[in-house]
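**Student:** Protein chains in written order, with our numbering: chain A, 1 to 447; chain B, 1 to 478; chain C, 1 to 252. Each residue gets a CB set at the ideal place from its N, CA and C atoms; glycine is no exception.
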Amino acid sequence: MSLAEKKQETMARHPFIAQFIDHSNSRDADGLPQWWSESRTDALQRLVTLDVPGPKDEEWKFLNLKSLYNATYLSEGAAATEADEAFVKERSIPEAKAATLVFSNGRFKPAASNVDGLGEGVRVTSWSELREAGDLDAVRDHVGIADFWEDDLFYNLNGANFEDGAVILVPRETVVEVPIHLLYVSDGSGERFAAHPRNVIVAGENAEVTVIEEYATSVDGEYFHNVVDEISLGANAEVRHVKVQRDSKEAQHVARNIITLESNSNYEATAVNLGAAFSRNDSYARFDGSSIECTLDGLVYIGGTQVSDTHTAIDHALPDSTSYQLQKVIVDDRAHSIFNGKIFVREDAQRIDSNQLNQNLLLSRRARVNTKPQLEIFADDVVCSHGATVGQLQDDQLFYLMTRGMDEERARSLLTYAFAAEVLEDIEVDSLRTRLEGLLMEQTTRN
Amino acid sequence: MSSNIENFLDQPYEAGFTSDVEMDSFEPGIDEETIRKISAIKDEPQFLLDFRLKAFEHWKTMEEPDWANVSYDKPNFDDIIYYSAPKEKPKKDSLDEVDPAILETYEKLGIPLQEQKMLQNVAVDAVFDSVSVATTFKKQLAEAGVIFCSVNEAVEEYPEIVEKYLGSVVPYTDNFYAALNSAVFSDGSFVYVPKGVTSPMELSTYFRINTQDTGQFERTLIVCEEGSYVSYLEGCTAPQFDTNQLHAAVVELVALEDAEIKYSTVQNWYAGDEDGKGGIYNFVTKRGVCEGDNSKISWTQVETGSAVTWKYPSCILKGDNSVGEFYSVALTNHHQQADTGTKMVHIGENTKSTIISKGISAGVSQNSYRGLVKMMPGAEGARNYSECDSMLIGDRCGAHTFPYIDVRNPSAQVEHEASTSRIGEDQMFYFLQRGIDEEDAISMIISGFCKDVFHELPMEFAVEARKLLGIKLEGSVG
Amino acid sequence: MLLEVKDLHVRAGDEPILKGVNLEVNAGEVHAIMGPNGSGKSTLAKVLAGHPAYEVTSGSLHFEGDDLSELDTDERARAGLFLAFQYPVEIPGVSNAQFMRQAYNERRKAQGKDELDPLQFDDHIRERMKIVDMDPKFLDRSVNVDFSGGEKKRNEILQMAVLEPTLAVLDETDSGLDIDALRTVAGGINSLSGEDNAVVLVTHYQRILDYVKPDYVHVMTDGQIVKSGDKQLAIDLEEHGYDWVTEEQGAA
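1) With DSSP run on the structure shown, which of helix, strand or coil describes A:Leu439?
2) Give me the subset of the segment 193-223 of chain C whose CB atoms are less than 7 Å from a CB atom of chain B, sorted by chain position.
3) Classify A:Gln500: buried if its beta carbon has 16 or more other beta carbons within 10 angstroms, exposed otherwise.
4) Enumerate in chain order the residues of its own chain whose CB-to-CB distance from A:Arg433 is below 6 Å, with the five nearest sequence positions on each side excluded.
5) Please name the residue or residues paired with A:Gly341 in a DSSP beta bridge.
6) From C:Glu24 to C:Pro92, what distance separates their C-alpha atoms?
7) Indicate whether the contact test is met: 3 or more Cβ pairs, each with one atom in the segment 212-229 of chain A and one in the segment 88-103 of chain A, closer than 8 Å.
8) In chain order, what residues of the same chain lie with their CB nearer than 7 Å to the CB of A:Glu250, ignoring the 5 residues before and after it?
9) Which class does A:Leu74 belong to by DSSP, given the choice of helix, strand or coil?
10) May I ask which residues mark the beginning and end of the beta strand (DSSP E) holding B:Glu234?
11) Spatial neighbours of B:Tyr404 within its chain, please: C-beta separation below 6 Å, excluding the five flanking residues on both sides.
12) Check the Cβ-Cβ distances between A:Val390 and every residue of chain B, and say whether any is below 8 Å.
13) For B:Gly475 and B:Glu415, I'd like the C-alpha separation in whole angstroms.
14) Thinking C-alpha only, which one of B:Tyr312, B:Ile446, B:Gly378 is nearest B:Met391?
15) With DSSP as the reference, identify every bridge partner of A:Val200, one or two as the case may be.
16) Alpha carbons only, please: which of A:Asp333, A:Pro110, A:Val329, A:Phe344 is nearest the one belonging to A:Leu318?
17) Compile a chain-ordered list of the residues in the segment 438-451 of chain B whose CB is closer than 8 Å to at least one CB of chain C.
18) Could you tell me how far apart the beta carbons of B:Leu317 and B:Thr342 are, in whole angstroms, since I believe they sit closer than 8 Å?
19) Can you check the segment 239-272 of chain B for any beta strand (DSSP E) of at least 3 residues that lies completely inside it and give the ranges in chain order?
20) With respect to the beta strand (DSSP E) encompassing A:His181, which residues constitute its N-terminal and C-terminal limits?
21) Using the three-state DSSP reduction, which class does B:Gly478 fall into: helix, strand or coil?
22) Can you name the residues of chain B whose CB is closer than 8 Å to the CB of C:Pro118?
23) Give the list of continuous alpha helix (DSSP H) stretches no shorter than 4 residues that lie fully inside the segment 174-237 of chain C.
24) Quick check on DSSP: helix, strand or coil for B:Ser132?
25) The segment 423-436 of chain B: which residues have C-beta closer than 8 Å to a C-beta of chain C, in chain order?
26) Starting from the C-beta of B:Tyr482, find all residues in its chain whose C-beta is less than 8 Å away, skip the five residues before and the five after it, and write them out in chain order.
27) Going by the CB atoms, is the gap between A:Val227 and A:Thr270 shorter than 8 Å?
28) Can you give me the start and stop residues for the alpha helix (DSSP H) that A:Trp149 sits inside?
29) Using a 10 Å radius around the Cβ and a threshold of 16 neighbouring Cβ atoms, would you call C:Asp66 buried or exposed?
30) Let me make sure I understand the geometry here. Which of C:Glu248, C:Glu64, C:Lys109 has the alpha-carbon closest to that of C:Asn197?
31) Please determine if the segment 310-329 of chain A and the segment 351-360 of chain A are in contact, where contact requires at least 3 C-beta pairs separated by less than 8 Å.
32) Please report whether the beta-carbon of B:Gly29 lies at a distance below 8 Å from any beta-carbon of chain A.
33) Contact criterion: CB-CB distance below 8 Å. Does A:Thr371 meet it with respect to chain B?
34) According to the neighbour-count rule (16 or more other Cβ atoms, all chains shown, within 10 Å of its Cβ), is B:Val477 buried or exposed?
35) DSSP on C:Lys66, reduced to helix/strand/coil?
36) Let me check understanding here. Comparing Cα to Cα, which of A:Ser290, A:Asp320, A:Ala160, A:Ile180 lies closest to A:Val429?
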């Protein structure tokens with residue numbers, strides 16, 4: 001069957017996929033380096049063979065994605081807007097004043113961004129800027145770094161369609177002192193659109209960098225963010241990565257984070273998912289060396305009819321490394337949270353120390369939690385443990401606070417806050433932490 | 001050191017002999033005619049034939065599941081013999097007419113069927129290939145009002161109870177193997193404990209597959225009326241053949257108000273040889289429903305045999321305050337694969353469940369725990385505690401944990417913990433320095449690891465289970 | 001002679017650790033082996049017990065005339081050689097009572113004596129527990145699991161009391177103990193040492209020697225015993241530090 005015929009068939013079966021094939025084909029290929037157009041073709045070829053995942057697929061259990069699949073989307077180019085200046089200002093992070101990239105509806109906005117004096121050789125830029133400058137080869141070796149999601153629909157939708165996103169290249173022996181802020185502002189007032197940001201973060205040997213990746217909405221609406229992050233750490237590199245997802249509660253947010261780690265590197269991630277009608281956040285960390293430390297923490301706090309799904313896979317392919325994971329989830333109203341945390345210890349990957357804890361708090365009678373912590377161990381000299389709890393606030397703690405004069409409502413919100421705040425404690429950017437804590441406080445008191 | 005431990009695990013399978021018993025067997029293969037023939041041989045009432053035929057029709061529409069963490073050559077269902085029974089028709093009232101070769105078989109397995117030789121306080125139903133060949137202590141049980149007999153006999157004598165409960169816990173639509181079993185099941189054990197009665201002795205079924213290429217499809221049904229209690233034990237062995245045999249059983253338990261059922265299994269089907277040739281495919285559906293308030297169902301299993309195990313003894317906790325328990329030890333060695341665990345479905349208020357699972361993997365085996373804890377919206381104040389520990393012996397085996405937790409009630413509490421460990425070299429040195437040799441050290445460590453589960457087994461079975469692990473761990477010190 | 005170590009060379013992997021150790025221990029004696037961290041004193045203790053991480057490259061070890069290289073770790077133990085561990089390991093699921101009864105009966109069997117059943121052993125061990133002032137509740141707990149540092153050390157001395165070894169090698173049993181625990185442990189050691197057995201104390205500090213009086217004190221540095229003497233040597237060491245011996249060695 002020819003590609004065109006296959007496309008016809010896919011079109012008939014999955015208009016959702018077909019429209020993104022169309023988007024891809026209509027994209028400007030002028031001056032695109034060969035490696036990029038090849039990777040786009042690869043993605044397209046896989047797309048025509050793929051089905052939309054549904055509740056029968058183990059990785060997509062419990063999900064009803066009809067409202068995602070049944071919608072039509074403009075490509076982000078057609079939905080271009082300028083970023084709301086006041087909004088950007090309000091969301092700016094003082095520490096990252098000289099290192100902020102602003103994207104509006106998925107498109108890089110140089111005028112709203114500011115990158116200055118980050119050090120010799122440090123590049124904090126975007127795909128569109130590199131393309132304009134004819135400098136795309138700078139990023140070439142850092143895309144397509146793992147094939148874990150080769151058969152994943154959303155990864156390939158991004159592969160066929162991405163045109164913009166952040167590119168952060170920190171050369172070896174370089175420490176970026178200030179955090180880098182990626183601010184994705186979306187304006188949902190227009191027609192429904194889909195954006196496919198591709199963010200690339202590379203820390204060379206002994207390099208150090210902190211990245212804040214934030215999704216925010218200036219005007220609510222039904223847009224679709226389909227993000228892929230590719231993060232590579234060289235030997236002894238250190239990357240701290242905070243993701244704050246506060247997309248519109250009418251929007252859809254799907255993200256795939258790929259992290260590859262070389263010896264002695266340290267990756268520390270905190271993913272805070274608060275927004276979107278449906279959010280799906282997946283991370284895959286591959287250990288390509290030894291003495292690596294990897295932390296994947298997360299906080300999900302949802303209400304209304306929000307659905308949030310987090311899947312992580314920590315892949316200990318080689319011996320002598322450590323991983324930690326703390327995933328906290330608060331579910332209110334009729335919201336539904338899903339978590340699947342996989343830890344793989346491959347054959348001969350001895351002396352792995354891996355610890356995972358997932359705690360869930362249900363605040364409402366109609367809230368629902370599904371969790372599946374998962375261990376797959378093929379080596380014997382390892383210390384691996386996981387734990388999961390689902391429940392409500394402890395009565396004895398409530399009672400204790402009430403004996404100290406707090407009313408029940410106040411005691412509840414305080415305990416809910418404390419439950420979630422543990423995840424935020426490790427965020428080293430003070431203003432961001434304070435802001436998130438404030439947000440949390442506001443949300444817990446509202447309940 | 002670990003190679004020494006592996007040597008301990010390389011032990012001969014003691015139950016691997018074949019008995020020379022004259023059998024009546026069907027030709028291999030399955031179609032509607034096969035099912036009608038099975039039903040006709042047993043002179044079954046119409047409702048049962050209808051049940052079988054519906055199940056068969058449904059089974060034909062189903063596909064063999066492949067979600068479990070096991071890989072094997074799927075059985076060819078046309079090569080399986082669906083009915084095989086000793087030629088001598090057993091007379092249920094006396095053992096005198098049972099083929100002596102069969103009695104000898106059970107003697108050799110340590111299960112003497114002559115009552116004078118038996119363990120006190122354990123009544124045994126012996127199932128040989130497809131049919132029950134003997135049930136002991138029936139008279140004493142009858143005096144207490146407890147019915148313990150083969151399913152065939154129950155169909156004859158108590159059809160109304162069978163019709164009411166058969167398929168009520170595991171419907172024939174439940175899964176591929178349950179559907180197949182519902183179509184072709186040949187026999188099994190039936191227990192009925194009337195209101196307020198505590199069974200005066202432990203009941204036990206001993207399953208034996210003897211004929212090559214025979215599938216064993218037994219069906220067990222236990223019903224405990226209000227306020228009654230029974231403890232039921234199940235053991236299984238098979239000869240060593242280099243082909244795989246299918247064992248697809250269904251077990252259904254019903255506990256009414258205040259009733260309690262304790263179901264214990266020591267599974268030692270033939271596991272195949274060191275290279276993974278032969279062995280039993282153990283694809284079993286076991287489920288109990290705590291129908292009444294304050295009822296309790298407790299599953300305890302020690303799984304040491306079978307080439308492939310696919311088994312999730314489960315509890316549906318319908319009654320308020322009902323309790324479900326699952327205690328499991330699963331040992332895999334060589335090429336064995338086990339995917340086992342439980343489902344605890346909390347429906348009633350203040351229901352409680354406990355899951356303790358201990359997996360031991362050695363050789364190149366794969367051992368998976370798969371469990372589901374589900375808290376339905378009405379499960380106010382429900383509680384679950386789960387603990388899944390794995391021990392790896394050697395660096396070529398795998399231990400996997402797949403716990404599914406689904407909570408829809410904010411007052412329900414679920415707590416799950418899992419860890420992996422091995423027998424550390426420093427632990428071993430400590431034992432040795434105290435003058436305890438490796439073999440004893442390993443057996444003490446493993447027994448210690450499994451202690452919480454062994455503790456739940458009835459005394460007679462706990463001894464057998466320890467012995468069995470002991471045998472599995474026996475061998476030459478390298 | 002109970003123990004005779006002659007020109008013992010030992011390595012761990014490629015690294016030589018003991019470089020010609022000589023030591024003779026007779027029945028009725030208490031020896032203290034002192035030395036700075038990394039001097040090899042703990043290695044010597046483990047080598048006596050036959051730890052698999054170490055390889056004897058030359059020299060000899062004899063216990064009551066038998067060549068220890070012929071005996072596995074458990075055989076040495078059953079012959080009456082006991083090692084109190086510096087870091088006793090935890091064994092989840094195996095109760096202290098079960099563990100000690102097994103060890104005790106193995107030793108009894110080796111001595112040609114009858115084994116004790118659990119009831120008889122219970123009487124015996126409760127008696128022994130008084131020596132180290134341990135609560136019988138520890139019998140039902142898993143070996144060393146969730147024991148404090150001091151409880152672990154007491155448990156080691158309890159095992160020594162139960163097994164009645166001919167030669168007890170105590171590897172830094174005093175480290176990490178507060179003064180009361182140290183007194184109890186030392187009291188236990190004293191009440192167990194007699195005419196027919198011997199004790200080798202491996203220690204970093206002189207402190208325990210205030211309670212357990214050694215007949216001989218040996219100083220180990222860099223894999224060799226460089227100085228031997230009586231109790232006074234330990235006192236001098238406490239005063240001048242290990243450098244004093246090394247310097248003296250250097251000067252000589």
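**Tutor:** According to the data block:
1) Locating residue 439 of chain A in the first sequence gives position 439, where the first residue counts as 1. In the structure shown, A:Leu439 sits in a helix (DSSP, three-state: H, G or I).
2) none
3) Outside the shown range of chain A (1 to 447) lies residue 500 of chain A, about which nothing can therefore be said.
4) The residue you call residue 433 of chain A lines up with position 433 of the first sequence. Within the same chain, A:Arg433 has close Cβ partners Leu424, Ile427.
5) Translated into positions along the first sequence, residue 341 of chain A becomes position 341. Answer is A:Thr312, A:Pro373.
6) On the third sequence, residue 24 of chain C is found 24 positions in, with the first residue counted as 1. On the third sequence, residue 92 of chain C is found 92 positions in, with the first residue counted as 1. The alpha-carbon atoms of C:Glu24 and C:Pro92 are separated by roughly 38 Å.
7) yes
8) Taking the first sequence and counting its residues from 1, one reaches residue 250 of chain A at position 250. Closer than 7 Å at Cβ, skipping near neighbours: Gly188, Asp220, Gly221, Glu222, Ala277.
9) Position 74 of the first sequence, counted from the first residue, corresponds to residue 74 of chain A. In this structure, A:Leu74 counts as strand in the three-state DSSP scheme.
10) For the purposes of this step, residue 234 of chain B is identified with residue 234 of the second sequence, where counting begins at 1. 229-237 is the span of the beta strand (DSSP E), which, as asked, contains B:Glu234.
11) The sequence position of residue 404 of chain B within the second sequence is 404, counting from 1. Around B:Tyr404: Leu372.
12) Stepping through the first sequence from its first residue, residue 390 of chain A is reached at position 390. For A:Val390, the answer is yes, since a Cβ of chain B falls inside 8 Å of its Cβ.
13) Within the second sequence, the letter at position 475 stands for residue 475 of chain B. Within the second sequence, the letter at position 415 stands for residue 415 of chain B. Because B:Gly475 sits at a pLDDT of 38, beneath the cut-off of 50, its placement in the model cannot be relied upon, and the point is left open.
14) As a working mapping, residue 391 of chain B is identified with position 391 in the second sequence. Checking every option, the nearest Cα to that of B:Met391 belongs to B:Ile446.
15) Your numbering for residue 200 of chain A matches position 200 in the first sequence. Its beta-bridge partners are A:Val167, A:Glu230.
16) The residue you call residue 318 of chain A lines up with position 318 of the first sequence. The candidate whose alpha carbon is nearest that of A:Leu318 is A:Phe344.
17) Glu438, Asp440, Met444, Ile445, Ser447, Gly448, Phe449, Cys450, Lys451
18) In the second sequence, the residue the question calls residue 317 of chain B occupies position 317. In the second sequence, the residue the question calls residue 342 of chain B occupies position 342. About 12 Å; that fails the 8 Å criterion.
19) 244-247, 250-255, 260-267
20) In the first sequence, counting from the first residue as 1, residue 181 of chain A sits at position 181. Its beta strand (DSSP E) spans residues 180-187.
21) Here the question's residue 478 of chain B lines up with position 478 in the second sequence. Legend: pLDDT at B:Gly478 = 25, less than 50; position of this residue unreliable, no value from coordinates given.
22) As a working mapping, residue 118 of chain C is identified with position 118 in the third sequence. In chain order: nothing, as chain B lies at least about 14 Å away.
23) 179-192
24) Position 132 of the second sequence, counted from the start, is the residue given in the question as residue 132 of chain B. Residue state, collapsed to three classes: strand.
25) Gly424, Glu425, Asp426, Gln427, Phe429, Tyr430, Phe431, Leu432, Gln433, Arg434, Gly435, Ile436
26) Limits of chain B in this structure are 1 at one end and 478 at the other, which puts residue 482 of chain B out of reach.
27) Against the first sequence, residue 270 of chain A aligns to sequence position 270. Against the first sequence, residue 227 of chain A aligns to sequence position 227. In this structure, A:Val227 does not lie closer than 8 Å to A:Thr270 by Cβ.
28) Within the first sequence, the letter at position 149 stands for residue 149 of chain A. Neither: A:Trp149 is in no alpha helix (DSSP H) and is coded neither H nor E.
29) Along the third sequence, read from residue 1 onward, the residue named residue 66 of chain C stands at position 66. Label assigned to C:Asp66: exposed.
30) Here residue 197 of chain C corresponds to residue number 197 of the third sequence, with the count starting at 1. For the residues C:Glu248, C:Glu64, C:Lys109, the minimum Cα distance to C:Asn197 belongs to C:Glu64.
31) yes
32) Position 29 of the second sequence, counted from the first residue, corresponds to residue 29 of chain B. Not one chain A Cβ lies under 8 Å of B:Gly29.
33) For the purposes of this step, residue 371 of chain A is identified with residue 371 of the first sequence, where counting begins at 1. Chain B contact via Cβ: present.
34) Here residue 477 of chain B refers to the residue found at position 477 of the second sequence. Unreliable placement is indicated for B:Val477, whose pLDDT of 27 sits below 50; no coordinate value is reported for it.
35) For the purposes of this step, residue 66 of chain C is taken as the residue at position 66 of the third sequence. First, the amino acid is wrong: residue 66 of chain C is Asp here, not Lys. Note: C:Asp66 maps to strand in three-state DSSP.
36) By one-based count along the first sequence, residue 429 of chain A stands at place 429. If we check each option's Cα against that of A:Val429, A:Ile180 comes out closest.
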